[in-house]
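Participant: FYI, the numbering for the sequence shown is 182 to 842, going by the working numbering. Below are the structure tokens for one structure; questions will follow.
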Amino acid sequence: MIRADLLALTTADLADISNRGTVKRATKELDEGKVTFELTDQDGTIRVTWSDGPTTVLSARHTVSDGVCDCPATGVCRHLIRAVLAYQTLHEADAAAQDHATGPWSPGDITDGALVALFGSRALTALRTLYDDRLVVEVLKSSKPVARFHKLRHTIRFLVPGDARYSQCDCAEKAPCRHTVLAIWAFRELGGADAAIVTTGPPEEPVDSQLLDGTEQALGRLVDVGIAHTAAAAMDRLKAWENKLREGGVVWPAEILLDVRRQYDHYHAHDARFSADALTDLVGELVIRLDALRKPTLPVPTLFVRGHVDDQEAKLGQSRLIGLGCGVRHRQKSVEILALMQDDSSGTITAVTRHFPDPEIDDHDRIPDPESFARLGAKLVVKGRDLTTIGAGQLVIKTGKLHSDHRLSLGRSTASVYAQNFGWEELRAPVLAESFAEVRARLAQLPPASLRPRRIGEDLHVVRVHEVEHARFSTREQAVRATLRDADGHVAELVHPYTTRNSHGTERLLNWLIRAPERVLFVAGPYRLTATGLVVSPTGLVFDAPQGRFLVQPWVDDMDAHLESADVRIEPPRPSEAPLDALRDELAAAVGDAILVGIDHAISGTERWGRLEALAGGLQLHSIVRAIVDTRQSIDAKDHSALSQNLLNLAVLSRLSQELG
182 MIRADLLALT TADLADISNR GTVKRATKEL DEGKVTFELT DQDGTIRVTW
232 SDGPTTVLSA RHTVSDGVCD CPATGVCRHL IRAVLAYQTL HEADAAAQDH
282 ATGPWSPGDI TDGALVALFG SRALTALRTL YDDRLVVEVL KSSKPVARFH
332 KLRHTIRFLV PGDARYSQCD CAEKAPCRHT VLAIWAFREL GGADAAIVTT
382 GPPEEPVDSQ LLDGTEQALG RLVDVGIAHT AAAAMDRLKA WENKLREGGV
432 VWPAEILLDV RRQYDHYHAH DARFSADALT DLVGELVIRL DALRKPTLPV
482 PTLFVRGHVD DQEAKLGQSR LIGLGCGVRH RQKSVEILAL MQDDSSGTIT
532 AVTRHFPDPE IDDHDRIPDP ESFARLGAKL VVKGRDLTTI GAGQLVIKTG
582 KLHSDHRLSL GRSTASVYAQ NFGWEELRAP VLAESFAEVR ARLAQLPPAS
632 LRPRRIGEDL HVVRVHEVEH ARFSTREQAV RATLRDADGH VAELVHPYTT
682 RNSHGTERLL NWLIRAPERV LFVAGPYRLT ATGLVVSPTG LVFDAPQGRF
732 LVQPWVDDMD AHLESADVRI EPPRPSEAPL DALRDELAAA VGDAILVGID
782 HAISGTERWG RLEALAGGLQ LHSIVRAIVD TRQSIDAKDH SALSQNLLNL
832 AVLSRLSQEL G
């Protein structure tokens, strides 16, 4: 009798069942021949007698967690882990055949009879009540299927095909926990799809229309008067609407109003964090969410659009955060660098961030060249450590403040940064995806970003790379491109833009992709689906070298800091031939400037709008063209009411254009 459950467990699975240290020690002892063993298999019950003394037993009727060992250790000891590894070694051919035959599977195929045997009928009845309480569950088939509960805030992974006992959840309950049952029921809603967002129970009660209308009217008054001319008392009234939204459980729109107020404060404090294009994004997103909440039949979970009471600032306890590289967000007058990390225990993505203002005009009316991202990333932010080091290391904290968007503030908390070994195969799902096909399936069923949870890293994934093809520099796009292929043959296109500020990191990326494409192990970054396929904008790539694994962070790396020379040089960047990017930037800036100064001041000529109309027309973006024409006409007619509405419409279109592939 072959134990399929033991053959299905990977070292990462075993680390979840016990811990990383135990698995590493067990693996090392077997690999180095420090112990020998005698293994017997009696109808699936595995008994292993070890040369260093203990005897372990893995019963055919129980999981590894319920194994028995006569050593003095408590919990799942290394001898039990060694027994699994030894069994896998003896059945390598069977394991290979099982891996080949398994493929993606659905836990929904597990029967109610099996669940009754595990949990009892009374427990299932109680869980059915919980299941019908408007849960939102993101389910994804794979060889290790994943269910993510957006309301209960847990993620569960199924390790062994068809066996509910081998489920691993980030809750505190012993496996298999109650979320196992809820996840299996959610998987049954999949039908023939590979991924879905399942909403259980009756529809949510609609949001009070007066609350939505009042919020939009307050926003309209802000647009009419303009950020620059709005009195502090009027902003207090906007804060009152923010509080009403929170009281009504409409969290994400409330958070957007908070961000609008922050933009107001930044502008009046002459803070470089004020950005007209950021203001356009916020106004556009708020209108989109308010409109969506008025349409209860919209095929998007209301929980995604409105948020949940837990989607607010929270205290983070002692945590170990694994760096996944650094990203960069551009604004008109500043740049934000984000060191992205995954919480080792919960799998949550967090970020330590910092804004850097662009240089201002000096005494000689010259604008100095802005600092490179490598220099900015090297500035200290945590206990003598910089963003680049955090992105490539592991951050251990005692406490911290986790904001609603999952930015992490440490304050005076004790924090330490250590090196990591880049064992990213041990990261948690769904951030760690098994293949590009899995990422594609997940993204295909997600709504646009304007209707998703407003948390950093919602589209960030890590995938193991099997092969790199056609690494090159595209002079037309001014970007490094490469085709990445996973072990199943599925592909994603890597695209990383080149600017004067990230020249070293981009050259380092291209050099390693060309010099040693076979050494790429993992790629991390936000993924998006485009008309041409799956695209990743990398925050970090793990390479395997004779001296050990290392990370390339293309946004913030410095060639000199790594004592590396370039085999390939990229010519100094020239303006990119990307008219869509030009339209996005100019449209966001134009709408943001109008919202900044208000309607009275915005009615002053149409030359800028004429340029935008021509640019949008050349791209055949007819909805944007019509909205710009309406805006120009309302300016010519000095129609304040129409202009206010047209600016809100353009803010929506600008926000949606940012999400185009």
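C-beta atoms are modelled at their ideal positions from N, C-alpha and C, and glycine is treated no differently. Predicted, not measured: the structure shown is a model, and the values here were computed from it.
Exposed or buried, which one is H587 when buried takes at least 16 other CB atoms within 10 Å?
Facilitator: Buried.
Participant: From which residue to which residue does the beta strand (DSSP E) around R510 run?
Facilitator: Run containing R510: S500 to H511, per the beta strand (DSSP E) assignment.
Participant: In this structure, does DSSP put W736 in helix, strand or coil?
Facilitator: Residue state, collapsed to three classes: coil.
Participant: For V772 versus S835, is the C-beta spacing smaller than 9 Å?
Facilitator: Closer than 9 Å, so yes.
Participant: Nearest-angstrom Cα distance between G638 and P707?
Facilitator: Taking the straight line from one Cα to the other gives about 7 Å.
Participant: Taking contact to mean 3 or more Cβ pairs, one atom from each stretch, closer than 8 Å, check whether the stretch 355-375 and the stretch 285-296 are in contact.
Facilitator: Judged by Cβ distances under 8 Å, the stretch 355-375 makes contact with the stretch 285-296, as three or more pairs qualify.
Participant: Hey, does I809 have any beta-carbon neighbour from chain C nearer than 9 Å?
Facilitator: Protein chain content of the structure displayed is limited to a single chain, and chain C is not contained in it.
Participant: Which ranges does the alpha helix (DSSP H) cover as unbroken runs of at least 4 residues, wholly within the stretch 356-421, from first to last along the chain?
Facilitator: Within the stretch 356-421, the complete alpha helix (DSSP H) runs of at least 4 residues are 359-368 and 390-406.
Participant: Quick one, which of V317, A747 and G508 has its alpha-carbon nearest P383's?
Facilitator: With distances taken between Cα atoms, P383 lies closest to V317.
Participant: Where does T580 fall in DSSP's three states?
Facilitator: Coil, per DSSP.
Participant: Note down, one range per segment and in chain order, each alpha helix (DSSP H) of at least 4 residues found wholly within the stretch 261-302.
Facilitator: Counting only runs of 4 or more, we get 273-283 and 293-300.
Participant: Near P629, what residues of its chain come up, given a Cβ to Cβ distance below 6 Å and the 5 sequence neighbours on each side ignored?
Facilitator: Contacts found: E840.
Participant: Go ahead and label L796 buried or exposed: buried means 16 or more other beta carbons lie within 10 angstroms of its beta carbon, across all protein chains shown.
Facilitator: Classification for L796: buried.
Participant: Can you tell me whether A532 is helix, strand or coil according to DSSP?
Facilitator: Looking at A532 - three-state DSSP - the assignment turns out to be strand.
Participant: Please list the terminal residues of the continuous alpha helix (DSSP H) segment that includes S804.
Facilitator: Counting along the chain, the alpha helix (DSSP H) containing S804 begins and ends at H803 to D817.
Participant: Please go through the same chain and pick out, in chain order, the residues whose beta-carbon is closer than 8 Å to the beta-carbon of H536, but skip the five residues on each side of it.
Facilitator: Around H536: A453, R454, S515, V516 and E517.
Participant: L519 and G504 look like a contact to me (Cβ under 8 Å); what is the Cβ gap, rounded to whole Å?
Facilitator: Not quite, the Cβ-Cβ distance comes to about 11 Å (not below 8 Å), so this is no contact.
Participant: With a CB to CB cut of under 6 Å and the five nearest residues on each side skipped, what residues in its chain are close to A705?
Facilitator: Here the set comprises L505, G506, V643, T720 and G721.
Participant: Roughly how many angstroms separate the alpha carbons of A747 and G565, rounded to a whole number?
Facilitator: If you take the alpha carbons of A747 and G565, they lie about 30 Å apart.
Participant: Opposite F603 in the DSSP bridges: which residues?
Facilitator: Looking at the DSSP assignment, F603 forms no beta bridge with any residue, so it has no partner.
Participant: How do the stretch 368-379 and the stretch 393-407 stand: do at least 3 beta-carbon pairs fall below 8 Å, yes or no?
Facilitator: No: fewer than three Cβ pairs fall under 8 Å.
Participant: Taking S246 and A356 to be in contact with their CB atoms under 8 Å, please state how far apart those CB atoms are, rounded to whole angstroms.
Facilitator: The Cβ separation is near 7 Å, so the contact holds.
Participant: For the stretch 186-249, list the beta strand (DSSP E) runs that are entirely contained and at least 3 residues long, ordered along the chain.
Facilitator: 218-223, 226-231 and 236-239, all fully within the stretch 186-249.
Participant: Indicate the three-state DSSP secondary structure (helix, strand or coil) for K496 in the structure shown.
Facilitator: Reduced to three states, the DSSP call for K496 is strand.
Participant: Tell me which residues share the same chain as D194 and place their Cβ nearer than 6 Å to its Cβ, disregarding the 5 neighbours each side in the sequence.
Facilitator: Taken in chain order, the residues that qualify are L340.
Participant: Might you give, ordered along the chain, the residues of its own chain that have their beta carbon closer than 7 Å to the beta carbon of P540, omitting 5 neighbours on each side?
Facilitator: Contacts found: I548, P549 and P551.
Participant: Regarding K496 and the ligand COA, is the C-beta to nearest heavy atom distance less than 8 Å?
Facilitator: Summarising the ligand content, the structure contains no ligands, and the ligand COA is consequently not present.
Participant: By alpha-carbon positions, which one of E606, L632 and S240 ends up nearest to L463?
Facilitator: Here the closest residue by C-alpha is L632.
Participant: Contact between the stretch 579-598 and the stretch 613-626 is defined here as three or more beta-carbon pairs at a separation below 8 Å; is this criterion met?
Facilitator: Result no; under three Cβ-Cβ pairs closer than 8 Å.
Participant: When the Cα of R329 is compared with those of E794, H685, V672 and G528, which residue comes out closest?
Facilitator: The shortest Cα separation from R329 among E794, H685, V672 and G528 belongs to G528.
Participant: What is the residue span of the alpha helix (DSSP H) that H447 lies within?
Facilitator: H447 -> alpha helix (DSSP H) spans V432 to H449.
Participant: Determine the closest residue to H743 out of L296, R789, K579 and W693, with distance taken between C-alpha atoms.
Facilitator: For the residues L296, R789, K579 and W693, the minimum Cα distance to H743 belongs to W693.
Participant: Using 8 Å as the Cβ pair cut-off and three pairs as the minimum, do the stretch 684-698 and the stretch 644-661 touch?
Facilitator: Touching, yes.
Participant: Can at least three beta-carbon pairs, one atom from the stretch 425-433 and one from the stretch 788-802, be found at a separation below 8 Å?
Facilitator: They do not touch, by the three-pair rule.
Participant: With DSSP as the reference, please indicate the residues paired to Y708 in a beta bridge.
Facilitator: Y708 is bridged to V717.
Participant: According to the neighbour-count rule (16 or more other Cβ atoms, all chains shown, within 10 Å of its Cβ), is G202 buried or exposed?
Facilitator: Exposed is the call here.
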